[in-house]
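Some notes on the structure that comes next.
Protein chains: 2
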Amino acid sequence: MTAPAPSDKSIEQQLLERLREMADAPAAAGLVDDVAHLGGLVLTHDTIAEGVHYRPEDPPESVGWKLVAVNLSDLAAKGAEPTGALLSLAIGDAPDKMLPGEWEERFLAGVAVACESYDLPLLGGDTIALPEGAPRVLGMTAIGKCADAPKRDGGQEGDVLLLVGTLGDAMAGLALLAEDEKASGTLVEAYRRPVPLLAAGRTLALHVHAMMDVSDGLLLDAARMAQVSGLAVEIDLAALPLSDAYLAARGDNREARLFAATGGDDYALLAAIHPEKLTKVTSLLPSKSMKAVVGRLVSGTGISLRDGDAPVELPERLGHEHRPQ
Amino acid sequence: MTAPAPSDKSIEQQLLERLREMADAPAAAGLVDDVAHLGGLVLTHDTIAEGVHYRPEDPPESVGWKLVAVNLSDLAAKGAEPTGALLSLAIGDAPDKMLPGEWEERFLAGVAVACESYDLPLLGGDTIALPEGAPRVLGMTAIGKCADAPKRDGGQEGDVLLLVGTLGDAMAGLALLAEDEKASGTLVEAYRRPVPLLAAGRTLALHVHAMMDVSDGLLLDAARMAQVSGLAVEIDLAALPLSDAYLAARGDNREARLFAATGGDDYALLAAIHPEKLTKVTSLLPSKSMKAVVGRLVSGTGISLRDGDAPVELPERLGHEHRPQ
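The listed protein sequences correspond, in order, to chains X and F.
Just so you know, the numbering used here puts 228 at position 224 of the first sequence, and the rest follows in order with no gaps.
Just so you know, the numbering used here puts 217 at position 213 of the second sequence, and the rest follows in order with no gaps.
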């Protein structure tokens with residue numbers, strides 16, 4: 005039930021390796037994390053593209069929200085306090101039934117609401133025009149302040165893996181939208197309007213060995229954390245925190261749990277914690293947070309999976325890397 | 005010969021106004037500048053798109069160089085020392101005769117050379133895939149350090165406008181490429197590989213009232229500086245610093261000077277300086293820098309143009325805003 009850590013050498017992977025060679029400054033920390041460190045600041049940049057990270061039919065307000073939220077989720081994983089953001093807005097063709105600029109106005113309204121919600125000052129950025137027919141590409145650089153950010157590679161042997169948030173909701177929502185583009189409800193909202201767990205991240209940061217946000221699927225992201233920490237990881241499907249909406253839509257069998265563990269777009273937090281600290285740490289988290297110990301770090305390499313006591317074969321794909329649809 | 009300051013309400017302008025309303029934190033400084041300020045740091049983000057800011061046929065290495073250089077030019081205008089950058093790389097289809105990923109590898113090589121040249125550590129960023137057929141969109145956030153950055157809106161009545169660098173080279177190079185895509189030489193290089201004037205910027209920053217880089221054409225950018233400073237501006241075409249290569253290619257008549265004053269992509273520095281400080285400031289600049297007093301700030305609004313002693317009617321377009329070609 006053990007497989008090597010992911011090493012799919014896609015073009016993206018090859019380019020990331022090239023980038024790692026280039027990013028040799030200490031502040032880049034080998035690009036192991038999603039953030040760079042500069043003075044007491046952490047910086048992250050996420051770009052989303054139409055037809056890749058969101059559906060062209062998604063409400064523009066929700067795309068604006070999502071761009072802010074996915075960037076803030078990277079800051080949450082460092083326990084950082086948001087201090088500012090730069091926006092890159094590439095203007096595209098007006099969709100059917102919209103005036104020129106209307107999509108962008110509505111997108112900016114979504115950005116504004118998210119910035120307001122999380123007290124993120126918009127500091128600047130760039131606005132460019134795109135050639136006709138080009139999919140929109142939207143980027144944000146978010147900057148946060150933190151004293152001593154946990155890294156992704158600090159996991160220690162014997163650490164338990166605490167997951168804060170829920171898994172699978174966003175991908176279940178995307179599946180609903182694929183069936184019916186007018187679908188709505190909790191799961192669709194989870195896909196369109198993820199919530200960055202900033203408060204939980206700030207609390208966790210003080211007590212954990214390693215932390216990251218789960219954006220590409222729990223199995224893939226946990227395997228990454230284990231790999232850079234020089235360890236193996238065991239994940240228990242039976243322990244996944246699943247929302248009521250998820251259970252109602254997808255059921256509670258192994259297939260549903262595998263879907264939740266590999267879906268991506270969760271923006272949950274995954275933290276490696278000394279087992280003796282677990283009780284204290286969970287008591288400090290907001291009481292309404294969904295949270296669960298989903299596995300642990302052990303000696304060795306790779307990832308293994310079980311469902312309660314039963315070993316489970318690893319799925320072919322450990323997670324969801326965003327690709328054009 | 006006086007016209008109101010530019011107020012072409014394109015979609016981009018309208019969206020910029022919306023962004024200004026949103027960016028109400030002091031650190032954003034009303035988006036008057038191309039940079040944001042955050043505790044001793046300045047941050048800038050520039051995005052370039054295939055078919056808008058560069059030609060699809062341009063060597064990928066030169067596109068990588070250009071992305072770094074245009075961002076560093078914003079830092080130069082603040083007299084800032086580059087301290088790091090985040091890269092946003094959207095992977096596109098392989099052009100004819102290239103393998104998948106080859107364009108990006110070569111682009112990254114250009115980024116690496118520029119980072120090396122200007123001592124800019126690459127700290128992180130994001131790599132995404134684009135849908136088939138989508139033009140590439142490439143972004144960079146550059147971060148610099150500076151004590152007391154000159155703003156764009158600090159110009160004072162009576163200030164002389166010193167331009168450091170040359171004008172028109174890049175647009176003359178682009179015109180050569182439009183005639184013959186195999187064109188080469190100084191002007192083509194100026195278009196493909198602009199040089200950020202970091203050393204000159206650091207020197208000027210200590211002595212000027214206002215500074216900006218000229219990226220959209222001298223007339224348009226000078227009018228912007230005057231407008232935000234609450235003043236009018238006079239520009240003298242006879243005074244423009246033009247390179248030997250430019251003069252050889254375009255001649256030295258009024259048409260050539262108007263082309264140079266409105267072309268864009270110059271990445272020269274434009275500084276508003278007290279006239280009594282001019283001699284001292286120019287003596288401090290690197291002796292090989294091309295430089296000239298191209299005009300001055302006066303009371304009033306708008307921009308006026310002359311050629312030596314002769315008043316000149318303003319051209320229909322004051323500058324070049326990058327648009328899909």
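Ideal Cβ placement from N, Cα and C applies to all residues, glycine included.
Between the stretch 70-81 of chain F and the stretch 202-221 of chain F there are three or more inter-stretch CB-CB distances shorter than 8 angstroms, so the stretches are counted as touching. With its beta carbon at least 8 angstroms from every one in chain F, residue 294 of chain X lies outside the interface. Excluding its 5 nearest sequence neighbours in each direction, residue 250 of chain F has C-beta neighbours in its own chain below 6 angstroms: 172, 173 and 176, listed in chain order. Non-local C-beta neighbours of residue 118 of chain X in its own chain, meaning closer than 7 angstroms and more than five positions away in sequence, comprise 68, 69, 72 and 73, ordered along the chain. In the structure shown, residue 315 of chain F adopts extended strand secondary structure according to DSSP, grouped into three states. For the stretch 124-149 of chain F, the residues whose beta carbon sits under 7 angstroms from a beta carbon of chain X are, in order, 125, 126, 127, 128, 129, 130, 131, 132, 133, 134, 135, 136, 138, 139, 141, 143, 145 and 147. For residue 57 of chain X, the closest C-alpha among the options X:296, X:257, X:197 and X:17 is that of X:197. Around the beta-carbon of residue 228 of chain X, 16 or more other beta-carbon atoms lie within 10 Å, marking it buried. Using a Cβ-Cβ cut-off of 8 angstroms, residue 105 of chain X is close to 15, 18 and 19 of chain F, given in chain order. Our two residues, residue 257 of chain X and residue 315 of chain X, have alpha carbons roughly 15 angstroms apart in a direct line.
Distance from residue 170 of chain F to residue 287 of chain F at the Cβ level is roughly 20 angstroms; contact not present, criterion being Cβ atoms closer than 8 angstroms. Across the stretch 65-96 of chain X, CB contacts with chain F closer than 8 angstroms involve 87, 88, 90, 91, 92, 93, 94 and 95, in sequence order along the chain.
Cβ atoms of residue 19 of chain F and residue 95 of chain X come within 8 angstroms of each other, at about 7 angstroms.
Contact note: residue 50 of chain X reaches chain F through 130, using a C-beta cutoff of 8 angstroms and chain order.
Residue 77 of chain F: member of the alpha helix (DSSP H) spanning 64-80, first to last residue.
Below the 8 angstroms Cβ cutoff, chain X contributes 112, 115, 116, 119 and 126 as neighbours of residue 26 of chain F, in chain order. Rounded to whole angstroms, residue 40 of chain F and residue 85 of chain F show a C-alpha spacing of 15 angstroms.
Think of a sphere of 8 angstroms around the beta carbon of residue 178 of chain X: no beta carbon from chain F falls inside it, the nearest being about 16 angstroms out. Cα atoms of residue 154 of chain X and residue 276 of chain X: separation of roughly 10 angstroms, rounded to the nearest angstrom.
Remark: C-beta atoms of residue 192 of chain X and residue 180 of chain X approach each other more closely than 8 angstroms.
Chain-order list of chain F residues neighbouring residue 55 of chain X: 135, by C-beta distance under 7 angstroms. Under the DSSP definition of a beta bridge, residue 15 of chain X lacks any partner.
Pairwise C-beta distances place the stretch 101-115 of chain F out of contact with the stretch 230-238 of chain F, as fewer than three of them are shorter than 8 angstroms. At a C-beta separation below 8 angstroms, residue 29 of chain X has these neighbours in chain F: 88, 125, 126 and 127. Under a 10 Å Cβ-count criterion, residue 283 of chain X is classified as exposed, with fewer than 16 other Cβ atoms of the shown protein chains found around its own Cβ. Residue burial annotation: residue 292 of chain X is exposed, with fewer than 16 other C-beta atoms found within 10 angstroms of its C-beta. Per DSSP, residue 128 of chain F is one residue of the beta strand (DSSP E) stretching across 126-133. Bridge pairing for residue 144 of chain X: X:50 and X:91 [DSSP].
Residue pairing from DSSP places residue 58 of chain X in a beta bridge opposite X:54. At the C-beta level, residue 159 of chain X and residue 301 of chain X come within 8 angstroms of one another. A Cβ-Cβ distance of about 7 angstroms is found for the pair residue 47 of chain X and residue 127 of chain F, placing them in contact under the 8 angstroms criterion. Collapsing the DSSP output to three states places residue 188 of chain X in coil. Not a single C-beta of chain X is nearer than 8 angstroms to the C-beta of residue 321 of chain F. Excluding five sequence positions before and after residue 131 of chain F, the CB atoms of its chain that fall closer than 6 angstroms to its own CB belong to 93, given in chain order.
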